[in-house]
Structures are given as C-alpha cells and as structure tokens.
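J.:
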Amino acid sequence: MFDWIKAAIMGVVEGITEFLPISSTGHLIVTSDLLKFTGSDTFEIVIQLGGVLAVLCFYFRDILKQAQGLTTSKQVRRFWASIVLACFPALTIAFFFKDTIQKYLFNSTTVAISLIVGGIVLWIIESLPRRESTRETTEITFRQALIVGLAQICSLVPGVSRSASTIMGGMLSGMSRSAATGFSFYLSIPVLGGASLYSLVKDLENLGNHGAGNVVVGLVVSFITSLLAIGWLLKFISKHNFKGFAIYRIIAGIVILVLVYTGVISNTRA
Numbered sequence: 001m002f003d004w005i006k007a008a009i010m011g012v013v014e015g016i017t018e019f020l021p022i023s024s025t026g027h028l029i030v031t032s033d034l035l036k037f038t039g040s041d042t043f044e045i046v047i048q049l050g051g052v053l054a055v056l057c058f059y060f061r062d063i064l065k066q067a068q069g070l071t072t073s074k075q076v077r078r079f080w081a082s083i084v085l086a087c088f089p090a091l092t093i094a095f096f097f098k099d100t101i102q103k104y105l106f107n108s109t110t111v112a113i114s115l116i117v118g119g120i121v122l123w124i125i126e127s128l129p130r131r132e133s134t135r136e137t138t139e140i141t142f143r144q145a146l147i148v149g150l151a152q153i154c155s156l157v158p159g160v161s162r163s164a165s166t167i168m169g170g171m172l173s174g175m176s177r178s179a180a181t182g183f184s185f186y187l188s189i190p191v192l193g194g195a196s197l198y199s200l201v202k203d204l205e206n207l208g209n210h211g212a213g214n215v216v217v218g219l220v221v222s223f224i225t226s227l228l229a230i231g232w233l234l235k236f237i238s239k240h241n242f243k244g245f246a247i248y249r250i251i252a253g254i255v256i257l258v259l260v261y262t263g264v265i266s267n268t269r270a
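Counting from 1, one number per residue, gives the positions in the sequence shown under full-length UniProt numbering.
(1) Which word fits His240, buried or exposed, when buried means at least 16 other C-beta atoms lie within 10 angstroms of its C-beta?
(2) For Gly169, which residues from the same chain have a beta carbon less than 6 Å from its beta carbon, with the 5 sequence-adjacent residues on both sides left out?
(3) Between Thr268 and Ile16, how many whole angstroms is the CB-CB distance? I'm expecting something under 8 Å.
(4) Should Thr137 and Phe183 be called a contact, given that it needs their Cβ atoms to be closer than 7 Å?
(5) By the 10 Å Cβ neighbour count, where 16 or more other Cβ atoms means buried, how is Gly159 classified, buried or exposed?
(6) Using the DSSP secondary-structure output, state which residues sit across from Thr134 in a beta bridge.
(7) Going by C-alpha distance, which of Lys74, Gly174, Ser155 and Val121 is nearest Ala145?
(8) Measuring CB to CB, does Val46 end up less than 7 Å from Ser114?
(9) Identify every run of the alpha helix (DSSP H) within the region 198-266, keeping only runs that are complete inside it and at least 4 residues long; order them along the chain.
(10) Measuring straight from C-alpha to C-alpha, what distance separates Lys103 and Cys154?
(11) Should Tyr186 go down as buried or exposed, given a rule of 16 or more other Cβ atoms within 10 Å for buried?
(12) Restricting to Cα atoms, I'd like to know which of Ser222, Leu128, Gly118 and Arg131 is closest to Ser23.
(13) Indicate whether Ile189 and Asp33 have their beta-carbon atoms separated by less than 7 Å.
(14) For the region 247-263 against the region 78-92, are there 3 or more C-beta pairs whose distance is under 8 Å?
(15) How is Tyr186 classed by DSSP in three states: helix, strand or coil?
(16) Can you grab the Cα-Cα spacing for the pair Arg61 / Gln68, in whole Å?
(17) Can you check whether the CB of Phe242 is closer than 7 Å to the CB of residue 311?
(18) In the DSSP assignment, find the alpha helix (DSSP H) that holds Gln152 and state where it starts and stops.
(19) May I have the straight-line CA-CA distance separating Phe245 from Ile120, to the nearest angstrom?
Here you go:
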C-alpha cells in the first residue's frame with residue numbers, strides 16, 4: 001500500500017508538471033529521491049503515457065476530425081507533417097546520446113541549474129517585443145516547426161522542460177502563446193508516446209520490479225492530473241503570460257540546490 005501511495009504521488013507530479021513549463025523529468029528526479037522511490041528510470045518514462053492519453057482525450061474531437069480529413073485536406077496533412085518535422089531533431093540526438101545524457105546529467109544539481117537558467121530565459125523571452133504571425137496551430141509553417149524541433153533538443157537536459165522549450169521556441173518563431181502551447185501539446189503525442197513505448201519494450205523486465213499495481217496507479221493518476229493540467233493551462237494563458245512560471249523555476253532551483261548541499265537529497269540516482 002505504501003508503494004502505491006508513492007506511485008500515486010509520482011503520477012501526480014508527472015501529470016501536473018508534464019505540460020507546464022517547469023520540467024516533469026526534473027521534478028520526478030527530485031521527488032523519487034525524496035520518496036526513496038528507487039528503481040529503473042523506465043517507470044517515470046512509462047507513466048508519461050498518462051499525459052499522452054490525456055492529450056488524445058482532450059483533443060479527441062479535433063484529432064478525429066483531422067483524421068477524417070487527412071486524405072482531402074492539404075492543411076491537415078501539412079500540420080501533421082510539421083509535427084513529424086518538429087520531432088526529428090530531438091529524437092535524432094536522443095538516439096545517439098540518450099545513455100550519455102542519463103549517465104552524466106540525470107542528477108539533482110543539473111535539474112536545479114536547468115530550472116534556474118530556464119527560468120531566466122523564460123522571463124527574458126516573455127519580456128521581448130514579439131510579432132505574432134501565427135495564431136492557429138493549423139497555420140504553423142515548416143520553418144516554425146523546425147525552430148520548435150531544434151528548441152526541443154534542449155529538453156533532453158533534465159530540468160529544462162520539453163513544454164518550456166517547445167512553447168518558447170514557438171513564440172520566438174512568431175506563434176501566439178496559445179498556438180505555441182497547442183502545438184506543444186500535439187507534439188507530445190509522438191514524442192512522449194514513442195519514448196514511453198520504446199522504454200517499455202526495452203526495459204520491461206526492470207519495470208516489473210515496481211509491480212504491475214504500482215505502474216497502473218502511476219499511469220492512471222498521471223492521466224487524470226494531466227487532463228486537469230492541460231485544461232487549466234489553456235485557460236491560464238488566455239489571460240496571463242509565463243513569467244509566474246519563470247519565478248517558480250528560479251525559486252525551485254535554489255531550493256533544490258540547498259537540499260542537495262545540506263544532504264537532504266542526493267545528487268546521484270539510485
């Protein structure tokens with residue numbers, strides 16, 4: 001029962017942080033250390049499927065409509081081609097350097113520094129004068145998709161945040177805040193879905209060490225909290241910018257550095 005509670009907490013953290021620009025991977029690293037929730041990284045990756053399912057559920061009608069128009073609508077085909085293009089840069093780097101990144105960068109200090117630096121960058125980008133040339137996700141150009149894809153490479157470093165890097169990349173390319181956020185959500189379907197399924201197949205034996213019940217609990221809780229987080233964020237950005245998240249990132253990064261320095265949390269993964 002205690003392990004189920006830990007799994008549920010991990011699911012809540014994953015669901016809340018996956019789509020907010022504050023880094024789910026970074027928060028999971030720190031949370032798993034605080035909870036002494038040891039084991040393979042695969043558990044954390046697999047419960048990301050909850051977020052993917054949440055996006056599919058939230059945008060179900062739009063996705064169904066796009067699927068029906070895939071053969072007849074040039075705009076729909078162009079949109080999904082832009083998704084594929086945006087996936088390519090980060091997936092290519094991850095294919096060659098994933099193990100190296102996990103070995104040297106998956107620690108609490110990296111998370112803390114990434115949160116702080118990312119918060120500063122987030123604040124600067126939100127402070128820059130911007131010209132919004134694209135207000136709808138279906139109007140995104142291949143150039144903008146490529147910029148988002150290149151920005152997504154930064155998210156391979158824990159603490160940077162896939163959501164933050166793709167949204168900020170989109171905004172810098174000329175997308176509106178809502179268009180960049182929507183594109184980031186859609187982009188999570190192949191990126192998170194692919195990473196989760198790949199890890200599930202590759203490390204199925206180690207995943208079993210957590211127990212099927214724990215995995216199911218983490219996945220279900222992640223799905224529910226992700227669904228709530230997506231809806232909340234879309235409403236939030238309609239009236240606010242991301243500077244509040246920038247402040248949170250900086251404070252969280254400082255707190256994590258203090259916890260590492262005082263020995264409350266370790267700087268290495270079990």
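Beta carbons are placed, not taken as given, at the ideal position from N, Cα and C, and that holds for glycine. The structure displayed is predicted, hence computed values, not measured ones.
T.: Let me spell this out:
(1) Looking at its Cβ environment, which holds fewer than 16 other Cβ atoms inside 10 Å, His240 is exposed.
(2) Counting only Cβ-Cβ distances below 6 Å, and skipping sequence neighbours, we find Ile147, Val148 and Ala151.
(3) Going by Cβ atoms, the distance from Thr268 to Ile16 rounds to 25 Å, so no, they are not a contact pair.
(4) For Thr137 and Phe183, yes; Cβs fall inside 7 Å.
(5) Its Cβ being crowded by 16 or more others within 10 Å, Gly159 is buried.
(6) Answer is Met175.
(7) For Ala145, the closest of Lys74, Gly174, Ser155 and Val121 by C-alpha to C-alpha distance is Gly174.
(8) With respect to the 7 Å criterion, Val46 and Ser114 are not classified as neighbours on the basis of their beta carbons.
(9) Complete alpha helix (DSSP H) runs here, min 4: 204-207, 212-237 and 243-261.
(10) Rounded to the nearest angstrom, the two C-alpha atoms are 17 Å apart.
(11) Tyr186 is classed as buried because its beta carbon has at least 16 other beta carbons within 10 Å across all chains shown.
(12) Checking every option, the nearest Cα to that of Ser23 belongs to Gly118.
(13) No, they are not a contact pair.
(14) Short answer: they don't touch.
(15) Tyr186 carries a helical assignment under DSSP once its states are collapsed to helix, strand and coil.
(16) Cα-Cα distance, rounded: 11 Å.
(17) Beyond the ends of the chain as shown, which are 1 and 270, falls residue 311; an answer cannot be given.
(18) Per DSSP, Gln152 belongs to the alpha helix (DSSP H) from Phe142 to Gln152.
(19) Their Cα atoms are separated by approximately 10 Å.
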